[in-house]
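Residue numbers (this note's numbering), protein chains in the order written: chain C, 1 to 271; chain D, 1001 to 1288; chain X, 2001 to 2377.
Ideal Cβ placement from N, Cα and C applies to all residues, glycine included.
Structure, as structure tokens:
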Amino acid sequence: MRIYAIAVYLFLYVPIGIIVLFSFNAGNHASELRGLSVQWYGKALSNPFVGDAFITSLVIALTVAVLSSLMGTAAALALQRLKGRMRVLFDGLIFVSVMIPGIVIGIATLVALVTVFDFLNPILASIWPEGSQAPKLHMGYASVIAAHTLFTMSLVIIMVRARIAGMDRALIEASMDLYATPWRTFYQVTLPQIYPAILAGFLLSFTFSFDDFIISFFVAGPNTTLPIYIFSSIRRGITPEVNAIGTMVLVGSLILLMTAQYLMRERDKTK
Amino acid sequence: MKEQSKSNRWLTAVLLTPTGLWFAFMLVLPLIVILVFSFGERAPVGGYAGGFTLEHYANLGARLKAFTNTLTYAPVGTLLSLLVAYPLAYYLAIKVNRRYKLILLVLVIVPFWTSLLIRTYAWIYILGGKGLPSILDWIGFEGVRLINTPGAVLMGIVYGYLPLMVFPIYVSLEKLNKSYLEASSDLGASPYKTFMQVTLPLSMPGVATGCMLVFILLMGEFLIPAFLGGGKVFFIGNALVDLFLQSRNWPFGSAISITLVVIMLITVSLYMRMTMRNSKTGVDESLM
Amino acid sequence: MTAQSKITKTYDIEFKGVTKRFGDVLAVDNVSLSVERGSFFSFLGPSGCGKTSSLRLIAGFDQPTEGDVYIAGQSVVGTPSHKRPVNMVFQQYALFPHMNVCDNIAYGLRQRSPRPSKQEILKRVDETLEMVRLSGYGNRRVWELSGGQQQRVALARALINRPTCLLLDEPLAALDRKLRSEMQMELQTLQRDVGITFILVTHDQEEALSMSDRICIMREGQIVQLGSPRDLYDDPKNRYVADFVGKTNFFDGQVCDINGAGVTVQLDSGLSLLGAAPKNVPQLINGSKASIAVRPEMITIAAADQVNSNAGVSLPGKVINRIFLGERSEYLIETQGHGEVLVLSPKNITGSTQSFVPGDQVSISWQPESALVLADT
Ligand SMILES: Nc1ncnc2c1ncn2[C@@H]1O[C@H](COP(=O)(O)OP(=O)(O)OP(=O)(O)O)[C@@H](O)[C@H]1O
Ligand SMILES: [Mg+2]
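Okay, here's the thing in structure tokens:
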């Protein structure tokens, strides 16, 4: 059993180790190790495309995470009190939105938005006052964020709902019994109880969005996210620069994960 | 009383509006658009031109290979991941010393938190000419091809989705009260029987959840076959990228997308109904 | 009862024709009652009889389908629970898991507007902790406490608000026997000290009998009998109440004669026995089904050959079991044709120091006036 576990961990980590190792390659070819150096880190960091892609991904992922945790939590709370046909409708939509493959979401969003924009742009141009440049609707940040949020929002709804379902109803009654108004009960009792689920949903949404390639590939328009950049450099032919980026992303997410863990533990301690 | 329930209804409506709008504009509308497109004509320069034809649906056979590939690799890949993941989850939940539990668990999850793109890319190295094959060469097995084979794709699948499978199974096994196991062995069941009659049935919700998650993701998979399958093993996802971005045959691509969605709806609903009946708990929402 | 005391009596809680339906289920059925200020009142009844439902109507978690609930003379129908001056101790305590003991206890005070000052809150929390004997536990997490400690925190969290009335939903059910009896004592003392009305829900008759000033016995959403523990014990209204409150031997039969001396019941075995009719209950009629009820402590036991000449009723029997209870002994006697009879016998009655062992032939007897004739429902 133990040996099996060790084998699985090796299976999980050897590829990651190789990426890290080759990121220190002194040679120009990704597939041959010729001495160690950090030159590729320098190259990656000074490459303006990498920086831009990183910022784009970060902005998109943060927005997606914030939007989905806010809207998802709100919806989960509302659905709790909703009954009848509306409830069935929303349940169905949530089910469909998590079940549809990302690639279909990407394609359908692309096709729909292009169609809508093709329809709206001439109208905008015609009603815009003479002389000034009419705004042109196009793919970009907004479309990526909207498409990502569809999936991650449903994820948050499911997670928060499960948490609410597992919550002891008597706690809310106890709070009301102790003179707290419904609002105060919400932020003093309900919110602290569902907070871990919201936090988990936030983190999951962030990673999903930051890592997503396929949806962004279709709807990002002229913008390049980090996964799109990595994908195209792999396609162009591999240089250790990709390894350096990958290693930095890996280390970055590890640091984030550990900070989050540490902060939560500190919070538990002080309370 | 009346007043209160009225303001309550208002609150519910306000809380649900953004989500409702999102579903309407980002889910329902796009699906309707591709449904309409799937019955349209291909414009001469690519893209879409109006019209009504069933030609694209009749022509699905042209991409039959993508469908059969996806529909075999997705279940097989799911099953393989399950086979690899279950013992590990069992080990983590039941066998391992409390002290190392958390760190070992985090080690399973960390890869999941790093880009699938980069992780899959690593395997291009390992399976590529200068990786494992060259080592095999050196040992004496010459000319072994690893990359761009069905095996490479399946391995990429197991590698990519292992954490997603381990985690729900771990959670359901962890919830399983140790005293059940003790009770079972106290009642004279052998370890094997205990596993078959107690552990396995009680971990079914986690298994069902994990399988469903992996299966759903595999049905739309693009990266793994693109990187590790070369042109040989391709999924519906690869066909779609090709149709929309290279040959720009939007109506045909839409027809394929709609077909994929219908297949997913049917299989996933059937699957959920089945697991729901078999184990009363069914797919465990709290794990998702 | 003098006329004057009647006038000065005030009621903290009153039900007037209260009915609560959940769909088809009638959880509370046309209940009217009043709970005197400063008293210890209990709802007693089997599972599902509507005790919790009644309490929730007072707390305001549910609203009655029909009827009125009054708190301190004011109708509170429609008032949400956070505006009612009552507090509840929940069955599973419902302590907030994300707060420590102090924050849990201070919760109610912090909802007040204007909010009391920090020092004031701290002072009150300390006082209350002391009252429930948990001084120094303020910074503990609630799940680090034992069952009994959690129970006291729940009590403190409610008491600190000095409610008009404290509602307790089987607060002791989760505790072990010893702790439970300790807590019963503490609760009683506490109630006397703070002078707040306590309403307790329980299905444990000993608990209700030992703690309450008044007990309301319920069945299927209705009040069967309401009175002091003494009343219920000595004058149960029917067989249901007698069976629920204390241990009783029943001899089933039919009423065959009612006169000044009492009521005669013809038992199913053919024997006719005389018993007293319960006070204020006129529902016995000739020919109706009834039972003779005799409390175990009213029965004396003697060796078969020493039949007491002035005993009213006596039956022969055989000892089949004996439980030694320290100051008393409990005998189970098999009688001929009247089933098993439970007898509670003090250790030393002058003149009969002997005790019996299983297998002994004995004679049991009681005075007709200590036997009650009870209708079946
Ligand atoms: N929310 C509800 N919905 C439907 N039926 C309910 C609800 N609450 C209580 N009931 C029903 O009302 C009846 C009385 O329930 P209640 O909880 O008052 O019983 P109880 O006397 O407190 O029992 P226990 O001693 O088991 O706690 C039961 O038949 C119960 O099934
Ligand atoms: Mg109850």
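- For the C-beta of C/Met176, the chain X residues within less than 8 Å are, from N- to C-terminus, Gly2060, Phe2061, Pro2080, Ser2081, His2082.
- D/Ala1239 carries a helical assignment under DSSP once its states are collapsed to helix, strand and coil.
- In the structure shown, C/Gln133 falls within a coil segment according to DSSP collapsed to helix, strand and coil.
- At a cut-off of 9 Å between C-beta atoms, C/Val144 does not count as an interface residue with respect to chain D.
- From the listed residues X/Gln2222, X/Arg2157, X/Arg2141, X/Ser2365, the smallest Cα separation to X/Asn2249 is found for X/Ser2365.
- At least 9 Å separates the beta-carbon of X/Gly2108 from that of X/Pro2080.
- Out of X/Lys2318, X/Ser2355, X/Ala2106, X/Ile2223, the CA that lies nearest to the CA of X/Leu2044 is found in X/Ile2223.
- Using a CB distance below 7 Å, the part of the segment 1014-1034 of chain D facing chain C consists of Leu1015, Leu1016, Pro1018, Thr1019, Trp1022, Phe1023, Met1026, Leu1027, Leu1029, Pro1030, Leu1031, Val1033, Ile1034, ordered along the chain.
- According to the DSSP secondary-structure assignment, X/Val2069 is paired through a beta bridge with X/Phe2015.
- Between the alpha carbons of C/Arg169 and C/Ile194 lies a distance of about 13 Å.
- The way I'd put it, the segment 2251-2269 of chain X doesn't touch the segment 2210-2229 of chain X; fewer than three beta-carbon pairs between them come closer than 8 Å.
- Of all residues in the segment 2111-2136 of chain X, only Gln2111, Arg2112 come within less than 9 Å of chain C when Cβ atoms are compared, listed by chain position.
- Listed along chain C, the residues sitting closer than 7 Å to D/Thr1114 by beta-carbon distance are Val249, Leu250, Ser253.
- D/Thr1070 sits close to D/Ile1236, with the two beta carbons spaced by under 9 Å.
- Counting only residues of its own chain and dropping the five nearest sequence neighbours on each side, X/Gly2148 has a CB closer than 7 Å to the CB of Leu2175, Leu2179, Met2183.
- Apart from sequence neighbours up to five positions away, the residues of its chain that approach D/Ile1034 with a beta-carbon distance below 7 Å are Ser1254, Ser1257, Ile1258, ordered along the chain.
- The CB of X/Arg2157 comes closer than 9 Å to the CB of Ala174, Leu178 in chain C, given here in chain order.
- For X/Asn2030, the nearest beta carbon of chain C is not closer than 9 Å to its own beta carbon.
- Identification of residues in the segment 1211-1231 of chain D having a C-beta nearer than 7 Å to some C-beta of chain C yields Ile1216, Met1219, Gly1220, Phe1222, Leu1223, given in sequence order.
- In the three-state reduction of the DSSP assignment, C/Glu173 falls in the helix class, which pools H, G and I.
- In this structure X/Ala2290 touches X/Leu2284 by the C-beta definition: roughly 6 Å separates them, less than 8 Å.
- Per DSSP, the beta bridge partners of X/Cys2216 are X/Phe2043, X/Leu2226.
- In the three-state reduction of the DSSP assignment, C/Val8 falls in the helix class.
- Short note on X/Lys2051: C-beta closer than 8 Å to some heavy atom of ligand 2.
- About 27 Å separates the beta carbon of X/Ala2304 from that of X/Leu2372, a gap too long to meet the 8 Å contact definition.
- In the DSSP assignment, D/Tyr1125 falls within the unbroken alpha helix (DSSP H) covering 1116-1127.
- Relative to the non-hydrogen atoms of ligand 2, the Cβ of X/Glu2220 never comes closer than 8 Å to any of them.
- The beta carbons of C/Phe22 and C/Leu33 sit closer together than 9 Å.
- The straight-line gap separating the alpha-carbon atoms of X/Val2241 and X/Asn2321 is approximately 26 Å.
- Between the C-alpha atoms of X/Ile2299 and X/Glu2330 there is a straight-line separation of about 11 Å.
- Distance from the C-beta of X/Asp2169 to the nearest heavy atom of ligand 2 is below 8 Å.
- Contacts with chain D at 9 Å (Cβ-Cβ) include C/Leu93.
- At a Cβ-Cβ threshold of 9 Å, X/Gly2138 and X/Ile2105 count as neighbours.
- Distance from the Cα of X/Pro2346 is smallest, within the candidate group X/Pro2358, X/Thr2335, X/Phe2324, X/Val2025, for X/Phe2324.
- Straight through space, the alpha carbons of X/Val2201 and X/Thr2065 are spaced by roughly 21 Å.
- Taking 8 Å as the upper bound for CB-CB distance, X/Gly2359 and X/Val2319 are in contact here, some 7 Å apart.
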